[in-house]
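For reference, the structure discussed in these notes is given below.
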Amino acid sequence: MECKSMKRIILVILMGIFSVIYGCGKNTSDDKVASAPRALVEVARAEPGSIFEHLHVTGSFMVVRDQKIKSPIAGKILNVYVLEGDNVKKGDAIATLISKESDAIITGAKQLLQIAQTEKEKQDARKALRLAEETASKINVAAPFSGIVNTRFVSEGEYISEGTDIAEVIDLRTAYFLADVPVEDLPKLKIGQRVVLSVPGLQGDIADGSVAAFSPSADPNSQTIKVRITLYRTHGLIKSGTFGTADILVGEHVGTLVVPKPAVYHDDELNKYFVVKIQGDTLALLTPVDVGVSDTLHVEIKSGLKP
C-alpha cells in the first residue's frame, strides 16, 4: 500500500508516526521500526462538549424592487453623479444628458468659431455658440426610489441611443435569498433560524438573515424545496440572480463527544474515519470512528471512542 502520512492531530497529534502504523509499517521489519526516529506528538483529550449543527445549501439572491433607469432620449452623457454602491434618495440626480440634435448644433457652432477669421465672424460664432448652449435640450435622469446604485452602465461623454440603460437602483430592504434545500433536510429547518450568506469568490460574508418561508411543493427533478431567507443585514452589493451559499444554523448537540478537527483522518479508499489514540505510554492505535456534525474547530464522535 502507498505510504500515507497523517501529519495531523488525531487524539494524539502525530507527525510521521501514521506512516509506520497504517501504511509503510505493514512492510517494515521490527528492527527498522525500533530504529525509526521518534515523532513529536501533541495529546488532545476526547471530551464531552457542545457543537453546533449547520446545513450548507446553495441558492440565489433576489431583489423585489429593482429598476434599471433608461435614457428617455438619444444623445450624449454630460455628467454622471453616482458610482456603484452609492446610496440615493428618490429624486436624486443620476445623470444629465443632452439631446442628439442640441449636441449637433453646439458642435457646429464650435466649428464655426474655430474657422472664423474676421472679428465679426468670431463675434457671430460666439453668439451662436452661446445661444446653442442656452437653448440646448438637457434632461436630468433621477432615481425612481430610495436605494443603492447596483450598477452604473455609462460614462461621461458617451453617446447613447434612446432606451439605453444608465444605471440600476435596488432597494435592499426588499432583497432576499432563495435557497434550494434537499427534501430529506427539511425536517431540520424552522422559521427564524439564523443564516449566514456568502458568494463564492468574494471574501467574507455578504449578508445575515433568517429562515422565513418554505415552498409548499418540491422540485420533482432535483428533490429540493425552495426556502425563502429574509436578509436583515447586508455587507456588500447584491445583484439579483447572483449565486450564493447559505449556512443555516439548525441545532446544537449538547453533551456529545468532540475532538479537534485535525484529529480525524478520512481514508478516501475505505471511506472511513480514523483517529489515533494512545494506549499506555507508548502504544498508538489506529481506531475507526463514526463521526457526526463538525464545525471549523471540532468534530462530533458518535461511536468508536469513549471520554
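Reminder that position 27 of the sequence shown reads as 27 in this note's numbering, one-by-one numbering, no gaps. Even glycine gets a Cβ: it sits at the ideal position worked out from N, Cα and C.
Item, Value
"Assuming contact is defined by CB atoms lying nearer than 8 Å, are Val80 and Arg152 in contact in what I supplied?", "yes"
"Between which two residues does the alpha helix (DSSP H) containing Ile115 stretch?", "100–115"
"Could you tell me how far apart the beta carbons of Ile166 and Ser71 are, in whole angstroms, since I believe they sit closer than 8 Å?", "6 Å"
"Could one say the Cβ of Pro182 lies closer than 8 Å to chain D's Cβ atoms, at least one of them?", "Within the model displayed, chain D is absent; a lone protein chain is all it includes."
"Going by the beta-carbon positions, is the gap between Ser155 and Ile77 smaller than 8 Å?", "yes"
"Tell me the DSSP secondary structure of Pro187 in three-state form.", "helix"
"What's the call for Asp103, buried or exposed, on a 16-neighbour Cβ count within 10 Å?", "buried"
"Excluding the 5 residues flanking Leu55 on each side, which residues of the same chain have their C-beta closer than 7 Å to its C-beta?", "Asp185, Lys188, Ile248, Val250"
"Could you have a look at Lys379 and say whether DSSP puts it in helix, strand or coil?", "Coverage of the chain is limited to positions 1 through 307, which leaves residue 379 absent and any answer about it impossible."
"Would you decide whether His298 is buried or exposed? Buried here means 16 or more other CB atoms lie within 10 Å of its CB.", "buried"
"In this structure, what does DSSP give as the bridge partners for Arg152?", "Ala167"
"Assign Gly75 to one of two classes, buried (16 or more other C-beta atoms within 10 Å of its C-beta) or exposed (fewer than that).", "buried"
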